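So for the sequence shown, our numbering puts the first residue at 8; every next one is plus one. Where a beta carbon is used, it is the ideal one built from N, C-alpha and C, also for glycine. These numbers were taken from a predicted model, which means no experiment stands behind them. Here's the structure we're looking at; comments come further down.
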Amino acid sequence: MKITLIGRPSRELTYLAKQLYIDQYLQKVITFRYLDVNDSRETIKLFFRLKKGNEINKLTNAVLSTYVLNSLLRKLSHPFLKQSSIEFAHHTSDKYFSFIASNYLPLNSDIYHGWMNYSLNSFKKISKKNPKGIKVLELYTIHPDSIRKIHKKYFGENTYFIFPSQKRDEIIDEEIEICDAIIAPSEFVKKSLNNLDDSKVHIIPFGTDCLKFFPKEKGNDFYFQEELVVLFVGNITYTKGFDLLYNAIEFLRNKKRKIKFKVVGSVAEIYSSRFKTIIKNIEYLGRIPHDKLNDVYNSAHLLALPSYYESGPLVAYEALAAGLPVIITENMNPLVENGKNGYFTKINDMNDVADKINRVYENRDWLVEASHYARETALKNTWEARYSNLIRLYEQLLKQRSEI
């Protein structure tokens with residue numbers, strides 16, 4: 008079985024590529040940078056030294072110019088397009104990558120696993136040049152039309168938010184039409200594909216590294232201390248439900264609940280002025296390197312993510328692995344079991360978020376049990392488990408193709 012991967016650099020692509028390489032399934036990776044570096048700058052250094060690093064990089068086409076194009080377009084178009092320059096740059100550079108990727112494509116792979124926004128040109132070429140090749144499309148977020156509907160429903164038409172371009176719909180819809188199978192990380196993502204044939208969509212959750220993220224030894228004193236530590240990790244903005252969460256915590260504090268609010272992440276420009284007015288009431292840690300996050304998870308009692316939309320946030324997987332129950336908007340993470348390793352909240356409902364945090368505050372015995380169950384859940388949903396599910400899907404698709 009020969010497999011080619013096409014898409015943006017991400018933890019899910021990187022882990023999959025490395026495991027496919029170990030098992031000798033990997034034929035080619037086409038992405039923005041090499042997989043054994045952390046960012047584009049390290050890739051450029053590696054490129055100019057004419058040194059390919061480890062063996063997997065010999066199978067990687069790193070389209071570095073995607074980064075350059077995106078940066079140039081944002082700077083050049085900002086005076087005219089203002090905030091819309093971001094979406095313009097992303098959309099144009101994504102189309103550019105899709106075109107370049109199709110020129111690097113091997114034409115004898117059995118499976119072509121591509122990520123949404125980046126695979127259309129490759130999928131078209133495969134359909135013509137290798138009709139037996141199976142095209143698998145991975146969705147990393149909900150359909151852009153659903154994003155626009157959520158924005159308009161909860162934040163109104165005339166907002167500062169950057170809406171996905173309508174042209175993205177056309178690209179993604181064509182990718183969906185032309186592919187043989189679709190991978191969605193959660194039911195929430197699947198439901199954003201209105202009226203799509205269920206048999207074409209396979210829900211395969213993301214995974215996590217349970218060696219990197221793990222619960223440290225804690226005595227009962229930690230769980231039963233009066234002050235509850237609530238953690239938020241992610242982009243600090245309205246659509247992540249950050250303001251909703253902050254207001255819920257302030258509501259509980261006014262009810263004499265002792266709650267510390269720890270926050271990790273970058274502040275979105277749209278939220279910066281609001282953030283300045285509330286920063287004194289939170290413990291803001293800024294951006295934390297990924298390999299340092301386990302200590303942060305272990306300093307908290309629970310993770311709260313009352314987002315308006317999510318694909319299945321990786322930070323929720325990491326928190327569960329570290330033994331943190333997760334409070335999250337219903338249907339946005341397939342690993343969270345309501346009342347067992349976390350709680351679901353209703354979308355855009357501050358009172359419900361406050362109620363779920365208060366339940367944890369008042370029931371520390373539940374917190375101890377939920378923390379243990381959180382870890383057990385993560386151990387069943389590692390990157391290795393996800394890899395096994397993907398291999399089974401590939402084999403199933405190949406078998407179905409051979410029977411036609």
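(Q) Distance check for I183 and K135, CA to CA, integer angstroms please. (A) The residue labelled residue 135 in the question sits at position 128 within the sequence shown. The residue labelled residue 183 in the question sits at position 176 within the sequence shown. Approximately 17 angstroms between the Cα atoms of the pair.
Q. Under the rule that 16 or more other beta-carbon atoms within 10 Å means buried, what is D359, buried or exposed?
A. Start at 1 with the first residue of the sequence shown, and residue 359 comes out as number 352. The residue in question, D359, is buried, as its Cβ has 16 or more Cβ neighbours within 10 Å.
Q: Express the C-alpha separation of S100 and L83 in angstroms, rounding to a whole number.
A: Working through the sequence shown from its first residue, we reach residue 83 at position 76. Working through the sequence shown from its first residue, we reach residue 100 at position 93. Rounded to the nearest angstrom, the two C-alpha atoms are 14 angstroms apart.
Q: Report the rounded CA-to-CA distance for N370 versus T389, giving the unit in angstroms.
A: On the sequence shown, residue 370 is found 363 positions in, with the first residue counted as 1. On the sequence shown, residue 389 is found 382 positions in, with the first residue counted as 1. Between N370 and T389, the C-alpha separation is close to 29 angstroms.
(Q) Taking 6 angstroms as the limit between beta carbons, can you name the residues of its chain near A377, skipping five residues before and five after? (A) On the sequence shown, residue 377 is found 370 positions in, with the first residue counted as 1. Within the same chain, A377 has close Cβ partners P332, N348.
(Q) Could you tell me the alpha carbon to alpha carbon distance between S193 and L114, rounded to whole angstroms? (A) For the purposes of this step, residue 193 is taken as residue 186 along the sequence shown, with counting starting at 1. For the purposes of this step, residue 114 is taken as residue 107 along the sequence shown, with counting starting at 1. Cα to Cα, the separation comes out at about 31 angstroms.
Q) Do you know offhand how far R393's Cα is from N261's? A) Here residue 393 is taken as the residue at index 386 of the sequence shown, counted from 1. Here residue 261 is taken as the residue at index 254 of the sequence shown, counted from 1. Rounded to whole angstroms, R393 to N261 spans 43 angstroms at the Cα level.
Q.
Beta-carbon within less than 7 angstroms of L127's beta-carbon, same chain only, minus the 5 sequence neighbours each way: which residues are those?
A. Position 120 of the sequence shown holds residue 127. These residues qualify, in order along the chain: S105, I178, E181, E182.
Q: Compute the Euclidean distance between the alpha carbons of N301 and Y324, then round it to the nearest angstrom.
A: Residue 301 sits at position 294 when you count from the first residue of the sequence shown. Residue 324 sits at position 317 when you count from the first residue of the sequence shown. For N301 and Y324, the distance between alpha carbons rounds to 12 angstroms.
Q) By DSSP, does L200 sit in helix, in strand, or in coil? A) Translated into the one-based positions of the sequence shown, residue 200 becomes position 193. DSSP places L200 in coil when its eight states are reduced to three.
Q: Provide the residue(s) that pair with V36 in DSSP beta bridges, ordered along the chain.
A: To locate residue 36, count along the sequence shown from 1; it is residue 29. DSSP lists L12, T67 as partners of V36.
Q) So, A255 versus A361, is the Cβ gap smaller than 8 angstroms? A) Residue 255 sits at position 248 when you count from the first residue of the sequence shown. Residue 361 sits at position 354 when you count from the first residue of the sequence shown. Going by C-beta atoms, A255 is nearer than 8 angstroms to A361.
(Q) Residues in the same chain with beta-carbon distance under 6 angstroms from D187, minus the five sequence neighbours each way, listed in chain order, please. (A) For this step, residue 187 is matched to residue 180 along the sequence shown. Closer than 6 angstroms at the Cβ level, and outside the excluded window around D187, lie I141, K142.
Q: Could you tell me the boundaries of the alpha helix (DSSP H) in which F162 lies?
A: The residue given as residue 162 occupies position 155 in the sequence shown. Counting along the chain, the alpha helix (DSSP H) containing F162 begins and ends at 151-162.
Q: Starting from the C-beta of I354, find all residues in its chain whose C-beta is less than 7 angstroms away, skip the five residues before and the five after it, and write them out in chain order.
A: Walking along the sequence shown from the start, residue 354 turns up at place 347. Within the same chain, I354 has close Cβ partners Y315, T336.
Q: Enumerate in chain order the residues of its own chain whose CB-to-CB distance from L235 is below 6 angstroms, with the five nearest sequence positions on each side excluded.
A: As a position in the sequence shown, residue 235 is number 228, starting the count at 1. So the qualifying residues of the chain are I266, H308, Y368.
Q) Using DSSP with H/G/I as helix, E/B as strand and the rest coil, what is K269? A) Sequence index remark: in the sequence shown, residue 269 carries index 262 (1-based). K269 falls in the strand class under three-state DSSP.
Q) On the three-state DSSP scale, how would you describe I190? A) Counted from its first residue, the sequence shown places residue 190 at position 183. Here I190 sits in strand by DSSP.
Q: For my contact list, I364 and V237 are in at a C-beta cut-off of 8 angstroms; report their separation, rounded to the angstrom.
A: On the sequence shown, residue 364 is found 357 positions in, with the first residue counted as 1. On the sequence shown, residue 237 is found 230 positions in, with the first residue counted as 1. Right, the Cβ-Cβ distance comes to about 6 angstroms (below 8 angstroms), so this counts as a contact.
Q. How is F220 classed by DSSP in three states: helix, strand or coil?
A. In the sequence shown, residue 220 corresponds to position 213, counting from 1. In this structure, F220 counts as coil in the three-state DSSP scheme.
Q) Counting Cβ pairs closer than 8 angstroms, one from the region 66-85 and one from the region 143-156, do we hit at least three? A) no
(Q) In chain order, what are the residue ranges of uninterrupted alpha helix (DSSP H) at least 4 long that sit wholly in the region 252-303? (A) 279-285
(Q) What does the Cβ neighbour count give for P16, buried or exposed, with the cut at 16 atoms within 10 Å? (A) Within the sequence shown, residue 16 is the residue found at index 9, counting from 1. Looking at its Cβ environment, which holds 16 or more other Cβ atoms inside 10 Å, P16 is buried.
Q. Start and end of the alpha helix (DSSP H) containing V360?
A. The count along the sequence shown starts at 1 and reaches residue 360 at position 353. Counting along the chain, the alpha helix (DSSP H) containing V360 begins and ends at 357-369.
Q: Could you check how far apart the C-beta atoms of R175 and N124 are, in whole angstroms? I think they sit under 8 angstroms.
A: Counted from its first residue, the sequence shown places residue 175 at position 168. Counted from its first residue, the sequence shown places residue 124 at position 117. The pair is a contact, with the Cβ atoms about 7 angstroms apart (cut-off 8 angstroms).
Q: Take the Cβ of R408 as the centre, count every other Cβ of all protein chains shown within 10 Å, and call the residue buried at 16 or more, exposed below.
A: Sequence index remark: in the sequence shown, residue 408 carries index 401 (1-based). Result: exposed.
(Q) One question on the structure: do R382 and A328 come within less than 8 angstroms of each other, judged by their Cβ atoms? (A) Taking the sequence shown and counting its residues from 1, one reaches residue 382 at position 375. Taking the sequence shown and counting its residues from 1, one reaches residue 328 at position 321. Yes; because the gap between Cβ atoms is below 8 angstroms, this pair is in contact.
Q) What does a CB cutoff of less than 7 angstroms around D152 pick up in its chain, not counting 5 residues either side in sequence? A) Here the question's residue 152 lines up with position 145 in the sequence shown. Hits under 7 angstroms: D176.
(Q) Which residues does DSSP list as the beta-bridge partners of T336? (A) Within the sequence shown, the letter at position 329 stands for residue 336. In DSSP, T336 forms a bridge with T352.
Q.
Rounded to whole angstroms, what is the Cα-Cα separation between L404 and K207?
A. By one-based count along the sequence shown, residue 404 stands at place 397. By one-based count along the sequence shown, residue 207 stands at place 200. Their Cα atoms are separated by approximately 11 angstroms.
Q) Can you name, in chain order, every residue of its own chain whose Cβ lies under 8 angstroms from the Cβ of S109, other than the five neighbours on each side? A) Stepping through the sequence shown from its first residue, residue 109 is reached at position 102. Cβ within range, chain order: N128, S129, K131, K132.
Q | Limits of the beta strand (DSSP E) - the one that L312 falls within | A | Along the sequence shown, read from residue 1 onward, the residue named residue 312 stands at position 305. Run containing L312: 309-312, per the beta strand (DSSP E) assignment.
Q | Cα-Cα separation, D30 to S318 | A | Looking up residue 30 in the sequence shown gives position 23. Looking up residue 318 in the sequence shown gives position 311. So the two alpha carbons sit approximately 28 angstroms from each other.
Q) Secondary structure at V177, three-state DSSP: helix, strand or coil? A) Against the sequence shown, residue 177 aligns to sequence position 170. Note that residue 177 is Glu in the sequence shown, not Val. Note: E177 maps to helix in three-state DSSP.
Q. Among all the DSSP beta bridges, which residues are the ones paired with G121?
A. In the sequence shown, the residue the question calls residue 121 occupies position 114. For G121, which the question treats as bridged, DSSP gives the partners I13, L144.
Q: Please report how far the alpha carbon of K283 lies from the alpha carbon of K139, in whole angstroms.
A: The residue labelled residue 283 in the question sits at position 276 within the sequence shown. The residue labelled residue 139 in the question sits at position 132 within the sequence shown. Their backbone Cα atoms lie some 56 angstroms apart in a straight line.
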